[in-house]
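Engineer: So the protein lines, in turn, are chains H and E.
Counting from 11, one number per residue, gives the positions in the first sequence under this note's numbering.
Counting from 11, one number per residue, gives the positions in the second sequence under this note's numbering.
Beta carbons: idealized from backbone N, C-alpha and C, even for Gly.
For reference, the structure I am asking about is given below.
There are 2 protein chains.
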Amino acid sequence: MSDVRMRGFRERADVDAVVKLIDQRVRHLAAEPVPLLEAGGRVLARDAVAAVDVPGFRRAAMDGYAVKAEETFGATPDDPRPFRIAGTGMPGRGPDAAVEAGACVRIMTGAPMPEGADAVVPAEEADLDGETVRVRAAATPGRNVGEVGEDVRAGALVLRAGRRLRPQDLGVLASIGLKLPTCVRKPRVAILVTGNELLPAGERPTGFRIADANSPMLVDLVRRDGGVPLTGPIVKDDRAAVQEALLVSVREADCVLASGGSSVGTEDHLPSLVEKMGELPVHGVAMRPASPAGLGFVAKKPVFLLPGNPVSCLCAYDFFAGRAIRRLAARHPEWPYTKVRMPLARKIASQLGRTDYVRVRIEEGKVVPLAVRGAAILTTTTRAHGFVVVGKDLEGHGEGETVAVHLY
Amino acid sequence: MSDVRMRGFRERADVDAVVKLIDQRVRHLAAEPVPLLEAGGRVLARDAVAAVDVPGFRRAAMDGYAVKAEETFGATPDDPRPFRIAGTGMPGRGPDAAVEAGACVRIMTGAPMPEGADAVVPAEEADLDGETVRVRAAATPGRNVGEVGEDVRAGALVLRAGRRLRPQDLGVLASIGLKLPTCVRKPRVAILVTGNELLPAGERPTGFRIADANSPMLVDLVRRDGGVPLTGPIVKDDRAAVQEALLVSVREADCVLASGGSSVGTEDHLPSLVEKMGELPVHGVAMRPASPAGLGFVAKKPVFLLPGNPVSCLCAYDFFAGRAIRRLAARHPEWPYTKVRMPLARKIASQLGRTDYVRVRIEEGKVVPLAVRGAAILTTTTRAHGFVVVGKDLEGHGEGETVAVHLY
């Protein structure tokens, strides 16, 4: 075993500077056609323009009788107007009769309007008598008729590029016959976990080994942010093995999340490998936890160095990696957490020049910071309802001060 | 083609009564083991209890030197205490030396503490000089040492049944070695679309046919609410075909969403089929849109009759079907929409006794109701930012009145 040298960090970067670097360097991915039923939550890469009118024909908006409106003028319950039923109109079929003088067509909602008709008298405003119907109220032209293009006009811009598709958007895209909307590709995100002490997630920790808690957490975070997580076996703290894993990750993915081996100890091979294979503009951030976090680029793809301690890993993901993945996916880059503002039950102390990520609970309308010892206590993030960020220009927040809580 | 009879609705149900019926009749599904990496967003069916301590051994919380703390007492930069380096401690391995009087062990974060040591002196508080290290500051016992069980104690209740699993929860479950957390099964939701006029989603509408807009919308809504959508071919308005499709749906799914054929016309076979095969306590609801909506049960499984008009379909899903699916999945039953409160730019008129679902835009901090003609205009829901519900006890809301908007 080699010597445990204690290399130092270069000057620690500001959180804001790292965020700015991500915004400068990380652009959304290319477009691809996506099957409509899979397009929910995806981001449109091109404007969706209608090639057809919706509806493409005049249709009944009610069940009733299609008539020429002016023939109903003056109709009252005491003086109804009689119409001969000339035929029936059903959805999906051409009408089986036109509406000539004195005639009407029984019609169902959604059926095409027969020629000669310009209104639909609702069933409840007429009395059926054999093959004659007596209309008790006058209808204005256009009543209960859906006009061509009333929902979408051919040529109309239906949804703009950049739109994150909602359920009803898929409905509208279907209605204009768009089979494969063009969406931004989903980022493929390699999760590269290193550490001789780690057992694969799902195995029971034993002896001096602990279970990999970061993979399951990162897999779920990546999915939440619109990425496709790619996982592999845990990589030993061996320079050649880490280099090989990093090469494969960069080749197969759009973004790499490397967990562990990111600090400045002997077994921390990642920083120097990233620097050798590409560039490492950030190593060490003025934040707590997650100060050993880093950001590099290999083949122009972002490589995040996430500390192995699970709370630090979550924190570095929240501040940096998640933002990059959302940008790759063309999603809104800001946090997907709901924000609430509430007073602090106890003060939070911090240091000037450092950004703090403080897990908190909400109890009786107040924000309670969790007493934390070290970044290794992952249960602080499961007991927490969310977190408060203390900016670098503050020494903390006082008791009773209103703070913003980002809810997990 | 048979006669277009115009059957009437029975008395229309109140929205609240339907919601109450859903809450009474729809319970969460059974439990199943779920692979950890797939468990994000799932709901725990059983308490997760730790079988092990995390960590299971005393470990270094910093890179540095493991010492017996009392041997550092009195150390200052001017009067440092020398320690002989007896060995090295790396994560995942047993220590290669114990700490005896006058000795220390170089140690990395996460490595097990060597016997005899009770503190870790950070590298930056010591000077290395060959095989000796001079410690410049006193360490208290326990400093930078992670104790056994400091994150999780064996036997502890880690996460309660009913918890919807967050990313960090998966991390904690991994840390205690839980391979297959027991979660509530995902509801299988059959989407049964009927209508002779419909072309499958993705096809371009032509002639008197329109594209099925409801399937893609419902598929995405079901996924959002934690269900697994099951789709099939569009079913013709033929009683035998609809009956067969309903039988298959009820057999394969936990819940059925039937779109179209739900009203009171001749071609609306679903209501009578549901009544024949089970029960139909709700058919017709005092609401706009979606008044033809219904709710029945076949083989105790909920069958929702969703109107074919896409806005009505969305509205009936939002009020009823979504709630049932979230309940089946053991999720929080209330709407997953963010709610904001803002003043109305224009009044909204409604009718006493009827619940209205009004699509609105938010413009310059005000709520603008969208002028709507009929429930067939799906683009009102894509232009809208959300919706306002006008309760049955109100005749509407006045201009300037503050209303709650549920954001899509």
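Within 10 angstroms of its Cβ, does tyrosine 75/E collect 16 or more other Cβ (buried), or is it exposed?
Structural biologist: Label assigned to tyrosine 75/E: buried.
Engineer: Quick one: Cα of alanine 60/H to Cα of leucine 47/H, how far?
Structural biologist: Each residue's Cα considered, the two are about 19 Å apart.
Engineer: Specify, as a first and last residue, the run of the beta strand (DSSP E) that leucine 228/H falls within.
Structural biologist: Counting along the chain, leucine 228/H falls outside any beta strand (DSSP E), though it belongs to the alpha helix (DSSP H) covering 224-234.
Engineer: Closer than 8 Å is the cut-off here; do at least three beta carbon pairs connect the stretch 384-393 of chain E with the stretch 336-349 of chain E?
Structural biologist: With the cut-off at 8 Å, the stretch 384-393 of chain E and the stretch 336-349 of chain E do not touch.
Engineer: In this structure, how does DSSP classify isoleucine 32/H when only helix, strand and coil are distinguished?
Structural biologist: Three-state result, isoleucine 32/H: helix.
Engineer: Can alanine 184/E and proline 226/H be called in contact, C-beta distance under 9 Å?
Structural biologist: Yes, Cβ-Cβ distance for alanine 184/E and proline 226/H is below 9 Å.
Engineer: Closer than 8 Å by C-beta to valine 370/H: which residues in its own chain qualify, once you throw out the five before and the five after it? Chain order, please.
Structural biologist: Correct list, in chain order: Val377, Val378, Pro379, Leu380, Ala394, His395, Gly396, Phe397, Val398 and Val415.
Engineer: Once DSSP output is grouped into helix, strand and coil, what is the label at proline 43/H?
Structural biologist: It is a strand residue.
Engineer: Quick check on glycine 205/E - is its C-beta less than 9 Å from some C-beta in chain H?
Structural biologist: Yes - at least one Cβ of chain H is within 9 Å of the one on glycine 205/E.
Engineer: On the criterion of 16 or more Cβ atoms from any shown chain inside 10 Å, does lysine 349/H qualify as buried, or is it exposed?
Structural biologist: Looking at its Cβ environment, which holds fewer than 16 other Cβ atoms inside 10 Å, lysine 349/H is exposed.
Engineer: So with CB distances below 9 Å, who are the chain E contacts of glutamate 254/H?
Structural biologist: Ordered by position in chain E, no residue passes the 9 Å Cβ test against glutamate 254/H, which lies about 20 Å from the chain.
Engineer: Mind checking whether glycine 288/H and glycine 306/H have CB atoms under 9 Å apart?
Structural biologist: Yes.
Engineer: Which residues mark the beginning and the end of the beta strand (DSSP E) in which alanine 96/E is found?
Structural biologist: Segment 91-99, the beta strand (DSSP E) holding alanine 96/E.
Engineer: Name the chain C residues that come within less than 8 Å of serine 185/E, Cβ to Cβ?
Structural biologist: No chain C appears in the structure shown, which is made up of the protein chains H and E.
Engineer: Is the beta carbon of alanine 79/H closer than 9 Å to that of threonine 192/H?
Structural biologist: Taking 9 Å as the Cβ cut-off, threonine 192/H and alanine 79/H do not qualify as a contacting pair.
Engineer: Would lysine 196/E be called buried (16 or more neighbouring beta carbons within 10 Å of its own) or exposed?
Structural biologist: Looking at its Cβ environment, which holds 16 or more other Cβ atoms inside 10 Å, lysine 196/E is buried.
Engineer: Could you tell me which residues DSSP pairs with phenylalanine 314/E in its beta bridges?
Structural biologist: DSSP output for phenylalanine 314/E lists Leu267/E and Leu305/E as bridge partner(s).
Engineer: Who are the near neighbours of alanine 190/E in its chain, counting only those whose CB is closer than 8 Å to its CB and skipping five residues on each side?
Structural biologist: Per the sequence shown, residue 190/E should be read as leucine rather than alanine. Pro43, Val44, Pro45 and Leu46, listed in sequence order.
Engineer: Where serine 272/E and aspartate 161/H are concerned, what is the direct C-alpha to C-alpha distance, given to the nearest angstrom?
Structural biologist: Distance between the alpha carbons of serine 272/E and aspartate 161/H: 22 Å.
Engineer: Going by DSSP, what residue range makes up the alpha helix (DSSP H) through glycine 396/E?
Structural biologist: It is not in any alpha helix (DSSP H) - glycine 396/E instead sits in the beta strand (DSSP E) that spans 396-400.
Engineer: Candidates Ala107/E, Pro92/E, Gly304/E and Pro90/E: which alpha carbon is nearest threonine 98/E's?
Structural biologist: Taking only the C-alpha atoms, the option nearest threonine 98/E is Ala107/E.
Engineer: Using a Cβ-Cβ distance cut-off of 9 Å, determine whether tyrosine 418/H contacts chain E.
Structural biologist: Closer than 9 Å: yes.
Engineer: Provide the residue(s) that pair with tyrosine 75/E in DSSP beta bridges, ordered along the chain.
Structural biologist: Arg116/E and Val131/E.
Engineer: With DSSP run on the structure shown, which of helix, strand or coil describes isoleucine 335/H?
Structural biologist: Here isoleucine 335/H sits in helix by DSSP.
Engineer: Does the beta carbon of phenylalanine 330/H come closer than 9 Å to any beta carbon on chain E?
Structural biologist: No - not a single Cβ of chain E is within 9 Å of the one on phenylalanine 330/H.
Engineer: Quick check: is the beta carbon of glycine 54/E nearer than 9 Å to any beta carbon in chain H?
Structural biologist: In the sequence as presented, glycine is not what sits at residue 54/E; that position holds leucine. No, no contact with chain H.
Engineer: Quick one: any contact between the stretch 196-211 of chain H and the stretch 262-269 of chain H, if contact means 3 or more CB pairs under 8 Å?
Structural biologist: The stretch 196-211 of chain H is in contact with the stretch 262-269 of chain H.
Engineer: Which chain H residues sit within Cβ distance under 7 Å of arginine 176/E?
Structural biologist: Those within 7 Å of arginine 176/E in chain H are Tyr418.
Engineer: Given a threshold of 16 other Cβ atoms within 10 Å of its Cβ, counted over all protein chains shown, does phenylalanine 83/H qualify as buried or as exposed?
Structural biologist: That one is exposed.
Engineer: Find the residues of chain H that neighbour proline 65/E, judging by a C-beta separation of less than 7 Å, and give them in chain order.
Structural biologist: Result: Ile220.
Engineer: Please report how far the alpha carbon of tyrosine 418/H lies from the alpha carbon of threonine 392/H, in whole angstroms.
Structural biologist: Roughly 9 Å separates the two Cα atoms.
Engineer: I need the DSSP call for glycine 181/H, collapsed to helix, strand or coil.
Structural biologist: Helix at glycine 181/H.
Engineer: Quick one: grab the DSSP three-state call for leucine 138/H.
Structural biologist: The answer is strand: DSSP assigns leucine 138/H an E or B state.
Engineer: Alpha carbons only, please: which of Glu110/H, Ala49/H, Asp278/H and Met123/H is nearest the one belonging to alanine 70/H?
Structural biologist: If we check each option's Cα against that of alanine 70/H, Met123/H comes out closest.
Engineer: To the nearest angstrom, how far is it from the Cα of arginine 91/E to the Cα of alanine 127/E?
Structural biologist: So the two alpha carbons sit approximately 15 Å from each other.
Engineer: Using C-beta distances below 7 Å, list every residue in its chain close to valine 36/E, excluding the 5 sequence neighbours before and after it, in chain order.
Structural biologist: Excluding positions up to five away in sequence, the list reads Pro312, Ala334, Arg337 and Leu338.
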